[in-house]
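Chemist: Quick one: the structure is below, questions incoming.
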Amino acid sequence: MGDQTAKPPVTGYPAGQPGGGYYPTRPQAPGAAYNGGYAQPYPAYPQPYPAYQAPPRNRARRRRFLSIIVTLAVIAGIGILITWLALRPQRPKFHVENVTVSQLNVANSELNATMQFNISVRNPNKKIGIYYDSIVARAIYRREKIGSNQLPVFYQGHKNTTVLSYPLSADSLPLNTGVSRNLLADKALGSVDMTVNVDAWVHFKVGSWTTRHHLMSVFCDVTVHWNGSATGRLSQSKGCDLYM
1 MGDQTAKPPV TGYPAGQPGG GYYPTRPQAP GAAYNGGYAQ PYPAYPQPYP
51 AYQAPPRNRA RRRRFLSIIV TLAVIAGIGI LITWLALRPQ RPKFHVENVT
101 VSQLNVANSE LNATMQFNIS VRNPNKKIGI YYDSIVARAI YRREKIGSNQ
151 LPVFYQGHKN TTVLSYPLSA DSLPLNTGVS RNLLADKALG SVDMTVNVDA
201 WVHFKVGSWT TRHHLMSVFC DVTVHWNGSA TGRLSQSKGC DLYM
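Going by full-length UniProt numbering, the first residue of the sequence shown is number 1, and it counts up by one from there.
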């Protein structure tokens with residue numbers, strides 16, 4: 001017999017898979033869905049929901065609300081302008097008419113002083129009255145108080161001029177050493193520069209309507225002359241600066 005080529009035995013089972021394991025190879029995941037050019041982190045999941053947008057009705061309500069606010073602001077501004085044009089409010093005017101200093105002595109940096117001030121207050125308004133509440137008057141020398149007094153409250157009508165006459169005194173008032181030395185030197189030279197200050201809480205009256213309180217501060221720079229006399233006096237009236 002001639003040589004015969006050997007044949008492999010038949011086992012009855014198919015050949016194993018290329019992976020060589022007991023489980024089939026995992027199939028490849030499907031390709032990412034198209035989402036407008038941006039990569040999707042998890043291709044197997046659906047697209048996210050679009051961002052929420054407010055309905056047009058809410059936007060229209062906001063626009064209407066803003067337009068109402070702007071309209072009310074314009075109406076209020078027009079009302080204030082009309083009121084100002086009708087009333088033409090003006091600030092009161094203060095003048096120091098007279099100052100008399102009968103005593104101004106310093107000993108051991110303590111001041112004893114007796115002063116008298118006359119200040120005219122003019123209300124130039126035709127339709128506005130002024131209530132002056134809690135009034136305090138001071139005399140100031142080089143930023144130190146050298147006399148003070150609490151003044152009575154009063155009401156000032158339209159186109160009215162009121163004269164405030166009040167004393168300012170100091171009884172053994174301690175002073176800075178430098179201030180007391182300068183005060184004595186100025187008096188020896190015949191004149192002393194000082195500031196008259198009046199602070200008051202005021203409110204205004206228009207018809208039956210009154211405003212809230214405002215702080216009014218008045219400052220009047222004056223020079224008191226002795227001219228060889230024992231009493232110092234103001235040579236002429238002096239206008240004042242007013243701040244509110």
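The beta carbon of each residue, even a glycine, is placed where N, CA and C say it ideally should be. Note that this is a predicted model, so its numbers are computed, not measured.
1. Starting from the C-beta of residue 229, find all residues in its chain whose C-beta is less than 7 angstroms away, skip the five residues before and the five after it, and write them out in chain order.
2. Indicate whether the contact test is met: 3 or more Cβ pairs, each with one atom in the stretch 99–117 and one in the stretch 163–171, closer than 8 angstroms.
3. Go ahead and pull the three-state DSSP assignment for residue 143.
4. Is any heavy atom of the ligand MN found at a distance shorter than 6 angstroms from the C-beta of residue 161?
5. For residue 244, is the classification buried or exposed, using 16 other Cβ atoms within 10 angstroms of its Cβ as the cut-off for buried?
6. Would you call the stretch 151–161 and the stretch 59–77 in contact, with 3 or more CB pairs under 8 angstroms?
7. Under 8 angstroms: do the stretch 202–211 and the stretch 127–134 share three or more Cβ pairs, one atom per stretch?
8. Can you name the start and end residues of the beta strand (DSSP E) that residue 233 belongs to?
9. Below 8 angstroms, can you find three or more Cβ-Cβ pairs linking the stretch 210–224 to the stretch 233–243?
10. Suppose contacts are defined by Cβ-Cβ distances below 7 angstroms. Is residue 92 in contact with residue 121 by that definition?
11. With three or more beta-carbon pairs closer than 8 angstroms as the criterion, would you say the stretch 139–151 touches the stretch 185–199?
12. Looking at the strands, I want to know which residues DSSP matches up with residue 167.
13. Put residue 157 into one of helix, strand or coil per three-state DSSP.
14. Give the straight-line distance between the Cα atoms of residue 89 and residue 127, rounded to the nearest whole angstrom.
15. Is the Cβ-Cβ distance between residue 192 and residue 186 less than 7 angstroms?
16. How many angstroms separate the CA atom of residue 146 from the CA atom of residue 216?
17. Taking the alpha-carbon of residue 95 as reference, which of 69, 151, 123 has the nearest alpha-carbon?
18. Give the secondary structure of residue 205 by DSSP, where H, G and I count as helix, E and B as strand, and everything else as coil.
19. Let me check understanding here. Comparing Cα to Cα, which of 224, 207, 183 lies closest to residue 105?
20. Would you decide whether residue 72 is buried or exposed? Buried here means 16 or more other CB atoms lie within 10 Å of its CB.
21. Given residue 214, which residues of its chain have a CB within under 6 angstroms of its CB, disregarding the five upstream and five downstream residues?
22. Going by DSSP, name the residue or residues bridged to residue 194.
23. Counting only the same chain and skipping the five closest in sequence on each side, list residues whose C-beta sits under 7 angstroms from that of residue 174.
24. Grouping DSSP H, G and I as helix and E and B as strand, with all else coil, what is residue 63?
Modeler: By the coordinates alone:
1. none
2. yes
3. coil
4. What this structure holds is no ligand at all, so the ligand MN is not there to describe.
5. exposed
6. no
7. yes
8. 232–234
9. yes
10. yes
11. yes
12. 116
13. coil
14. 8 angstroms
15. yes
16. 21 angstroms
17. 123
18. strand
19. 183
20. exposed
21. 202, 244
22. 222
23. 109, 110
24. helix
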